[in-house]
Amino acid sequence: MPRYDFRSIESRWQQYWEENQTFQAADCVAEKEKLYVLDMFPYPSGEGLHVGHPEGYTATDIVCRHARMQGKNVLHPMGWDAFGLPAEEFARQKNIHPAIKTEENITTFRRQLKMLGFSYDWSRELSTTDPDYYRWTQWIFLQIHDTWYDAACEWTGPDGVTRTGRGRPIAELPIPADVSAEGTAAVRRYQDRHRLAYLSEAPVNWCQELGTVLANEEVIDGRSERGGHPVERLNLKQWMLRITAYGDRLGDELENLGWPESIKYMQRNWIGRSTGAEVDFAVATDQLDHAAWMQQRNESGFPAEQDAGTIRVYTTRPDTLYGVTYMVLAPEHPLVDQLTTADQQAAVDQYRREASLKSDLDRTDLSHSKTGVFTGGYAFNPVNGEKVPVWIADYVLISYGTGAIMAVPGHDERDHEFATAFQIPIRQVVAAAAADAEPVDISAAAWTEHGVAVNSGVWDGTPTAACKAGITTALSEQGVAREAVNYRLRDWLFSRQRYWGEPFPIWHELDDDGQPTGLMRAEPIESLPVPHPHVEDFQPTGTPEPMLSKASEEWLYKTDTDGVRLKRETNSMPQWAGSCWYYLRFCDNKNSQQFIDPEKEKYWLPVDLYIGGAEHAVLHLLYARFWHKVLFDRGLVSHPEPFRRLVNQGMILGENGEKMSKSRGNVVNPEEVVEQRGADSLRLYEMFMGPLEQVKPWQTSGVEGVYRFLGRVWRLIIDDRAAENVIDAAVTEDAATAEQLRMLHRTIKAVSEDVQRLSFNTAISRMMEYTNFLYEQPSRSRSLLEPLVLLLSPFAPHISEELWNALGHTHTLAYEAWPAWDESLLVESTVEIPVQVSGKLRGRITVAADATAEDMQAAAQADPAVQKHLEGRTIIKVIAVPGKMINFVAR
RNA sequence: GCCGGAGUGGCGAAAUGGCAGACGCGCCGGAUUCAAAAUCCGGUAGGGGUAAUUCCCUGUGUGGGUUCGAGUCCCACCUCCGGUACCA
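Listed below in structure tokens is the structure:
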């Protein structure tokens, strides 16, 4: 019994915390400083917890327990990201309903997390699959659906910052007169085209085997990330979210976030903003007189939409227009047919067929060399009237820019490779700016640096930057170009064909023949949630027809009050949807009137610390920020960013230094560790392994080490030979000595500062050192032990509660004041400092702590060891840092 | 290719430009024990020297540099890990 019996201790305290609701957070406590600390909530897989989960979760738990002891009001919730494909795949194989399997998995996860003693406020638990939760996921979708982006709107938000561009209610969208003249149906279609959630026919990654479309990032080398099934490209009507409208703000507002620079960088890269120009090239035909076309453009100006008979390209290097020797259209480009001549038709058709079979990822695989086909058609270069051949090639993507490029092989690597392969002329139009630079040679490779224009008519000698601006302005005035901004970021493909996802709160109007008219109605907010329909058959439909189309007629159809027949949208939302806003719902998870009470939102948000794996660096974090900004624009949240500080925990590798995986047989099961050494040992070990953010291998013997440490702390206080928890005889009520106090306060300071910095491994080392020190002491004053228990409690809460109790306290230590250190007790009267001679350590002297440089020098020169090294040498210089070190520079 | 991050004992690691290797693992030795486990105490970068020591030399991926002084700052390079990749 008085041995350190973690089994009984841990279950007893977990029960105590639960019964006393120790960690329930009160909302809107004005007199306390709030702290919202969030873990990335897990997908409750059938495998249960792995050791990576407790890593981040322990880190946040330490921060929270520490903060409570500092008197802060702490929000520390947990929930489940429970929609998703694995449960559906399981259902398909075992014919068990995903809802049942999901509930089972959640039960396991909850039990495992409780077993680790995390101080979550479990009353705020939520699952994305709860109707009460997805009701509001659907509601937020309707807010996004009800919003258009007014790029010109200048406004000042509740944060006091003035921005340009705002998501506004669709009712405020100005309707052009010619549209309203066509009637209400035309107006509705016009609005639908401008919503932030819109339907679009687009080539998507369709996986027959999984029975769903996949996001680009879910496709690897032409196969599904999950299961490795083949993926093909299909044109399907899909829901898209207009995240590109927020591209600039998502990029710019990263600036002040306390996030790792690498993550910010990755997000900026993902957004990939570039600036340049759109330029129109007139398609050469027998009838076209280029000079006349230019004249006409000069009068009409640059058309907003690309007009017939012109190829519009996007370029970031308008300064290289004189170097254009050919153009390329994406194979899917609508002008291909028009440009292709009769004798090239067959080759073009075949090339397009081949390209259509490849996914974007196949096409962007750099390993294959450039392919393409000449269309037979030509277009006029607006800067010099040259006729340039137009090709099609799959290195140009229809989904980026205008789907067409002007090719400048002299100054673009891809164009150079292509031109070389097809013997197209390469022309130099940029030269090195510096007079003494080596001449640029573009025969073997493109030269992509900035310099000065050459072979570029009136622009010769103009530096690249000025030339870009100059040509763009000049061509704009002639009506053949305009400045343009492009993003690598695409609109977010938001629909899936899966069963186990949120239904869309959208109805499609049907005509008398039961066919969709293309007009839609939103589900009225008061009838949310659109319930997740029950089905019995989880086999994929085998077609792009979504799984939800297997639902009952009653779910699928209704007649609206005006007599219009309606059919439900049968696509479902992707797994990202639920995780886009869960951090908001934690603040107010039981609210049946609103997705969050504005008062609670103002109080708790933003999240002060968000810890999770780096695998979510881009997608989850970008999507959540996007939703948050839409809600912000619509006045539904008061902060522009959801997560103030972000930390990525490093992956834990197997004992062999490889990634943990079943196939490698190196998976460590946390439940077994808890079984053998207890939750406190697991928590402590995961924090002791190394810096939180670092990738580090598991060492089972390391768990043993921290377990021994906990045993040592236990025996500092408890007499482990007694039958009951009896305080050890060595524990006294005496006053501590000055040295003991110095060690204590040094430890308090170090641990406090380390916790602040999330440097948990060094904090634990400090407590170990202090414990080792106490073992050397002939007697142990209680005043030296109680603070240690408090310092240890965020790391190993169960043993700490037990020891606190044994020391005579009747209440939990969760809200005891965090120990304070007294700086005056830290100073020692004397210090030992190193003495160097010419930079080499030659001795040590002990001097008064406040010794001056002169005192130190005198003491050092009196030291025999130092004297030996100074003998016969001339001291050139003495560097003495009081209290630190002294160095004689001698010759 | 590009962009990050990291290279320190047998291992995980520590170190505001100021005594490299704290703390832990492992290993070695001792105490305790009939014996073992557990526990407690001591040692442990490498090489050399000494009867012994608070002795000497070398050492933080490689090569340069700045500095009285560099694991730490600067330049070049090597290796590993992560991310990303025809975005015009």
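Residue numbering for the first sequence follows the numbering used here, starting at -3 and increasing by one per position. Where is the CB? At the ideal position from N, CA and C, for every residue including glycine.
Limits of the unbroken beta strand (DSSP E) element including residue i
i      : result
Pro405 : Looking at the DSSP string, Pro405 is not in any beta strand (DSSP E), and its letter there is neither H nor E.
Trp572 : Segment Trp572 to Ser575 is the alpha helix (DSSP H) holding Trp572; no beta strand (DSSP E) there.
Tyr310 : Thr306 to Thr311
Ser196 : Ala193 to Cys203
Ala465 : Where Ala465 is concerned, there is no enclosing beta strand (DSSP E), although the alpha helix (DSSP H) it sits in stretches over Thr460 to Glu473.
Pro94  : Taken as a continuous stretch (DSSP letters only), Pro94 belongs to no beta strand (DSSP E), being part of the alpha helix (DSSP H) at Pro94 to Met111.
Met881 : Met881 to Ala886
Ile871 : Ile871 to Val877
Val386 : Lys383 to Ile388
Tyr116 : Taken as a continuous stretch (DSSP letters only), Tyr116 belongs to no beta strand (DSSP E), as it is neither H nor E.
Asn644 : Leu642 to Gln645
Ile607 : Leu605 to Gly609
Ser270 : Arg269 to Val279
As assigned by DSSP and simplified to three states, the class of residue i
i      : result
Asp248 : helix
Pro82  : helix
Lys68  : coil
Leu632 : coil
Pro666 : helix
Tyr318 : helix
Met852 : helix
Gly42  : coil
Gln773 : coil
Gln690 : coil
Gly447 : coil
Gln134 : helix
Ala675 : helix
Met893 : The chain is shown from -3 up to 887; residue 893 falls before or after that span and cannot be answered.
Met543 : helix
Gln419 : coil
Tyr483 : strand
Enclosing alpha helix (DSSP H) for residue i [first to last residue]
i      : result
Asp509 : It is not in any alpha helix (DSSP H) - Asp509 carries neither H nor E in the DSSP assignment.
Gly153 : No alpha helix (DSSP H) contains Gly153, which DSSP labels as neither H nor E.
Gly698 : Thr696 to Ile713
Trp235 : Premise fails: Trp235 lies in the beta strand (DSSP E), Glu228 to Leu237, not in any alpha helix (DSSP H).
Lys598 : Pro594 to Trp600
Phe2   : Phe2 to Asn16
Supposed contact pair residue j and residue i - C-beta distance, whole angstroms, cut 8 Å
i      : j      : result
Gln645 : Gly52  : 4 Å
Val633 : Leu627 : 5 Å
Tyr116 : Phe19  : 6 Å
Lys90  : Glu29  : So it is not a contact: roughly 49 Å between Cβ atoms.
Ser568 : Glu498 : 6 Å
Pro327 : Ala342 : Not really, about 15 Å apart at Cβ, beyond 8 Å.
Residue closest to residue i, alpha-carbon to alpha-carbon, out of the options
i      : options                           : result
Tyr12  : Asp456, His794, Gly631 and Leu627 : His794
Glu274 : Pro299, Glu251 and Asp716         : Pro299
Ile5   : Glu797, Ala148, Glu301 and Ser568 : Glu797
Thr468 : Pro314, Glu249 and Arg410         : Pro314
Ile394 : Arg621, Pro330 and Ser825         : Pro330
Tyr318 : Glu328, Gly297 and Gly453         : Gly453
Pro405 : Cys60, Gln424 and Trp623          : Gln424
His530 : Val47, Leu81, Asn69 and Ile92     : Ile92
Ser779 : Glu413, Asn801, Leu737 and Ser761 : Leu737
Inter-residue spacing [alpha-carbon to alpha-carbon] between residue i and residue j
i      : j      : result
Ala726 : Ala876 : 44 Å
Tyr32  : Gly447 : 51 Å
Ala849 : Ala746 : 28 Å
Ile829 : Tyr771 : 27 Å
Ser575 : Tyr39  : 10 Å
Gly686 : Leu680 : 11 Å
Ile420 : Pro378 : 20 Å
Glu720 : Glu668 : 28 Å
Ser270 : Ile166 : 29 Å
Thr321 : Glu479 : 22 Å
Val344 : Thr336 : 7 Å
Thr806 : Glu765 : 29 Å
Ile841 : Lys864 : 14 Å
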